[in-house]
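Enquirer: Below: one structure in structure tokens.
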Amino acid sequence: MAAPTATRLPSNIKINEAPPQSSATRYELRITSLYLHHRGSPDPNPSHATLLSPNGAVGFGATVANNYAIYDGPDPIANALIARAQGLQMRTGDTWSTTFNIVFETERLKGSTLQVMGVGIEDGDQWAILSGTGQFTMAQGFIKKKLHSYVTDGTIIELDLYAVFQPTKVNLITEAPKGGSGGTYREPKAVPHRLEAIKIREGAVVCSIEYTFLDRYGEKHTEGPWGGDSSPYVSIVKLDAEEFIEEVSGTIGKHDGLDAVVTSLKFVTNRRTFGPYGKPSGNPFTLPEKQDGSVVGFVARTGKYVDAIGVIMRP
-12 MAAPTATRLP
-2 SNIKINEAPP
8 QSSATRYELR
18 ITSLYLHHRG
28 SPDPNPSHAT
38 LLSPNGAVGF
48 GATVANNYAI
58 YDGPDPIANA
68 LIARAQGLQM
78 RTGDTWSTTF
88 NIVFETERLK
98 GSTLQVMGVG
108 IEDGDQWAIL
118 SGTGQFTMAQ
128 GFIKKKLHSY
138 VTDGTIIELD
148 LYAVFQPTKV
158 NLITEAPKGG
168 SGGTYREPKA
178 VPHRLEAIKI
188 REGAVVCSIE
198 YTFLDRYGEK
208 HTEGPWGGDS
218 SPYVSIVKLD
228 AEEFIEEVSG
238 TIGKHDGLDA
248 VVTSLKFVTN
258 RRTFGPYGKP
268 SGNPFTLPEK
278 QDGSVVGFVA
288 RTGKYVDAIG
298 VIMRP
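Each residue of the sequence shown is one higher than the one before, starting from -12 at the first, in the numbering used here.
Structural data, given as structure tokens:
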């Protein structure tokens, strides 16, 4: 005799809004229009292999390992490889039980994963995102899926992803500004990951500083200009893709009735030296003082000029 079908939730099942778990910042991930190629592999990597078939290739207990490519478009030649769906499918009844990792291949997310579970690739319209690693730690969400097209050796499935996640804490070290105590304290509004460019307005001293950086998700941010515009002379430092600043040095001296402002700046990268900018005079300084690594951003005190400058380091 078949079990009765419930028309409403039993009294022992409650669904309520949950209180916030913590004050930690959580992020949203939304990815639309990805295409999973449920087919023979268009590249040298195998796409699937049958591990068990006790009752035939699609009989109960059949188990298949999969390594399906996920592109940002339906054409594997014209579109970029974004990730791979690597895991297992098992025949458990009228459908397949599917569990796999989405392993990202695209540069900014490479090595990060999302853990996915649900019914067969061509069954149903959703999968669950249970967790994540790398940049997507503690991810939870879902994937909406639908058939995009049939091809000679399989199907192409269109995916839309949504998840919330709590990224691991970024271990950055800030070394306090060197220089005078005047002006207003400045710091970036976003967490920097890689420094791209610096713009310095210079004259007899360093008048202002502006810089552009990428956060850990590849979004570009610009801070500044911090300081004044009393000089028409502007210099720009542009870093190559594999270049990073190892050391910031300069001088601190008196100017325009102020006891201490940054009179000059110099930047040393792993490849070359930029500067000095401004006019070296006064007491020298070098940053960082305590920590090796790469400079990914700056903090400062600024008013009419750059009164003091500090660095944000990624070990």
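Ideal Cβ placement from N, Cα and C applies to all residues, glycine included. Source: prediction; values computed, not measured.
#1: Give the DSSP bridge partners of TYR55, in chain order.
#2: Just mark ALA287 as buried or exposed, buried being the case when its beta carbon has 16 or more other beta carbons within 10 Å.
#3: Mind checking who VAL45 pairs with in its DSSP beta bridge?
#4: Going by alpha carbons, who is nearest to ALA70 out of LEU21, ALA163 and ALA52?
#5: Based on Cα-Cα distance, which residue from GLY121, THR142 and THR256 lies nearest to VAL283?
#6: Tell me whether GLU384 is buried or exposed, calling it buried when 16 or more other Cβ atoms sit within 10 Å of its Cβ.
#7: Per the contact definition of three or more C-beta pairs closer than 8 Å, is the segment 267 to 281 in contact with the segment 194 to 210?
#8: CB-CB under 8 Å to THR171, same chain, minus the five flanking residues each way: which ones, in chain order?
#9: In angstroms with no decimal places, state the Cα-to-Cα distance between LEU117 and GLY141.
#10: Name the DSSP beta bridge partners of PRO265, please?
#11: What whole-angstrom Cβ distance do VAL249 and ALA295 have, given they're in contact under 8 Å?
#12: Let me know the secondary structure DSSP gives PHE285 once reduced to three states.
#13: Identify which residue in LEU159, ILE239, HIS208 and ARG259 has its Cα closest to the Cα of GLN278.
#14: For ASN88, which residues does DSSP report across the bridge?
#15: Within the continuous beta strand (DSSP E) that includes ILE130, where are the two ends?
#16: Write down every uninterrupted run of the alpha helix (DSSP H) in the segment 156 to 200 whose length is 4 residues or greater and which is fully enclosed by it, in chain order.
#17: Considering only their Cβ atoms, is the gap separating SER222 from GLY211 smaller than 8 Å?
#18: Quick one: using the 10 Å Cβ neighbour count with 16 as the cut-off for buried, is LEU38 buried or exposed?
#19: In angstroms with no decimal places, state the Cα-to-Cα distance between ILE130 and GLU92.
#20: Could you tell me if the beta carbon of THR256 falls within a distance shorter than 7 Å of some heavy atom in the ligand ZN?
#21: My understanding is that ALA52 touches SER40, with C-beta atoms under 8 Å, so please give their C-beta distance in whole angstroms.
#22: Can you tell which of TYR137, PHE152, THR161 and SER218 has its C-alpha closest to the C-alpha of PHE123?
Expert: Checking against the coordinates, here is how it stands:
#1: ALA72
#2: buried
#3: Paired residue(s): none; VAL45 is not in a bridge.
#4: LEU21
#5: THR256
#6: Only positions -12 to 302 of the chain appear in this structure, which leaves residue 384 out of reach.
#7: no
#8: ARG288, THR289 and GLY290
#9: 27 Å
#10: Before going on, a small fix: residue 265 reads as Gly here, not Pro. DSSP, once it has assigned bridges, lists SER251 as partnering GLY265.
#11: 7 Å
#12: strand
#13: LEU159
#14: GLN73 and GLN102
#15: 127 to 138
#16: none
#17: no
#18: exposed
#19: 18 Å
#20: The ligand ZN is absent from the structure shown, which contains no ligands of any kind.
#21: About 13 Å separates the two Cβ atoms, so there is no contact after all.
#22: PHE152
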